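Comments concern the structure below.
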Amino acid sequence: MAQLPLALRLESHAVLETFVEGANAAGLAHAKALASGESGGAVWLCGPRGSGKSHVLQAACRTAGAAGRRAMYLPLGAPDVEPGLLAGLDALDVLALDDVPRAAGSPAWEAELFRALNEFQSRERALLMAGEAAPAAAGFALPDLASRAAGAAVYRLQPLADADLVEALHRHARHRGLWLDAAAARFLQSRLPREMGALVAWIERLDAASLAAQRRLTLPFVREILGRSASAPARQDEEQGELEERGEQHEAD
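In the working numbering, the protein residues as written are 41 to 293.
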């Protein structure tokens with residue numbers, strides 16, 4: 041992929057093929073157009089945690105790289121990410137900034153973010169931004185930055201419906217070369233948090249368990265693995281209770 045050395049590693053699952061549009065087709069289409077070079081400008085994706093904002097930004101960078109364009113994904117809330125990283129990015133075709141409202145209230149961050157927005161918008165390059173809040177509610181102290189951010193096309197991503205979550209599980213499983221039983225997918229969707237990050241983490245965990253046990257992801261096997269996870273804390277509490285009981289008996293003796 042044509043990326044700058046400073047670019048952070050992209051999650052392996054964050055590709056366009058694993059993203060289920062649901063009610064978010066318009067935002068996804070605009071992001072794809074920017075990534076592929078069909079258009080320039082700025083997009084701001086907002087919405088609750090787990091609605092797919094980071095997924096779209098990282099997938100856009102992959103799409104840009106596949107087209108031979110220079111792209112960078114930069115989550116502003118990540119450790120060791122400093123305002124100075126936004127300087128010297130003139131060679132980029134696509135810049136994807138995640139957790140942008142984290143910059144609000146910091147003079148250094150707001151100054152660098154304003155400069156980056158000016159640079160990319162004046163050169164008709166692609167700038168993708170994301171945060172739980174929309175630009176108007178991001179809390180920027182710098183009026184010019186607030187004005188610039190408000191000029192981006194804003195899309196509010198919606199969490200997936202139950203049927204779409206099941207489809208997303210199937211896509212993520214296929215992406216890892218796994219066959220996921222339909223009943224097992226519905227079972228996962230009904231038992232796990234309604235957040236794609238958590239669901240993807242469980243697909244990865246089931247992948248490892250399936251490989252170790254040489255078993256397919258059928259409903260009985262998935263139920264067994266989830267059951268082990270649910271009982272682990274209980275077993276730990278039980279063991280701790282036994283140890284405490286033994287200690288009390290020892291003191292009594």
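All C-beta atoms, glycine included, are put in the ideal place defined by N, C-alpha and C.
Everything numeric in this text was worked out from a predicted model, so none of it was measured.
Tell me, to the nearest whole angstrom, how far the beta carbon of residue i is from that of residue j; I am working on the premise that it is less than 8 Å.
i, j, result
"Leu185", "Leu135", "Actually they are not in contact, since the Cβ atoms of Leu185 and Leu135 sit about 16 Å apart, beyond 8 Å."
"Ala190", "Ala170", "At roughly 15 Å, the Cβ-Cβ gap does not stay under 8 Å, so Ala190 and Ala170 are not in contact."
I need the straight-line Cα distance from residue i to residue j, nearest angstrom please.
i, j, result
"Glu150", "Leu182", "7 Å"
"Ala248", "Ala100", "28 Å"
"Ala241", "Val206", "15 Å"
"Gly267", "Trp219", "20 Å"
"Ala253", "Ile265", "11 Å"
"Asp130", "Leu209", "38 Å"
"Gly124", "Val262", "46 Å"
"Arg180", "Ala82", "Note that residue 180 corresponds to Phe in the displayed sequence, not to Arg. Spanning the two alpha carbons is a distance of roughly 17 Å."
"Ala104", "Met112", "9 Å"
"Leu50", "Leu259", "31 Å"
"Gly62", "Leu85", "15 Å"
"Ala272", "Arg256", "Its pLDDT being 40, under 50, Ala272 is placed unreliably in this model, and the value from its coordinates should be taken loosely. Each residue's Cα considered, the two are about 23 Å apart."
"Ala65", "Leu239", "21 Å"
"Gly67", "Leu97", "11 Å"
"Arg234", "Arg188", "33 Å"
"Gly128", "Gly108", "20 Å"
Out of the options, state which residue places its alpha-carbon closest to the alpha-carbon of residue i.
i, options, result
"Ala148", "Leu116, Glu172, Leu168, Glu159", "Leu116"
"Asp163", "Arg216, Gly105, Ala106, Leu132", "First, the residue type needs correcting, since residue 163 is Arg and not Asp in the sequence shown. Cα-wise, what sits closest to Arg163 is Leu132."
"Ala106", "Leu56, Ala193, Arg231", "Leu56"
"Arg89", "Gly237, Leu257, Glu51", "Gly237"
"Ala192", "His212, Thr103, Gln161", "Gln161"
"Ala213", "Ala104, Arg245, Glu61, Leu125", "Arg245"
"Arg110", "Ala82, Ala143, Thr58, Leu167", "Leu167"
"Ala203", "Ser52, Arg49, Val60", "Val60"
"Arg102", "Thr58, Leu232, Val83", "Thr58"
"Ala173", "Leu228, Arg165, Arg188, Tyr195", "Tyr195"
"His53", "Arg234, Arg231, Arg211, Gly128", "Arg211"
"Leu251", "Gly217, Gln98, Pro233", "Gly217"
"Ser146", "Ala178, Asn64, Leu239, Ser230", "Ala178"
"Ala143", "Phe227, Leu114, Gly87", "Leu114"
Given 8 Å, three or more beta-carbon pairs between the region 217 to 227 and the region 71 to 81: Cβ pair count under 8 Å is below three, so no.
Any 3 or more C-beta pairs closer than 8 Å across the region 85 to 100 and the region 120 to 140: Using a C-beta cut-off of 8 Å, the region 85 to 100 makes contact with the region 120 to 140, since at least three inter-stretch Cβ pairs fall below that distance.
Segment contact, 8 Å Cβ cut-off, at least three pairs: the region 153 to 165 with the region 57 to 73: No, the region 153 to 165 does not touch the region 57 to 73.
Length-filtered (3 minimum) beta strand (DSSP E) runs lying within the region 126 to 164: Fully enclosed beta strand (DSSP E) runs of 3 or longer: 134 to 138.
Inside the region 234 to 270 only - alpha helix (DSSP H) runs reaching at least 4 residues: The qualifying runs are 236 to 253.
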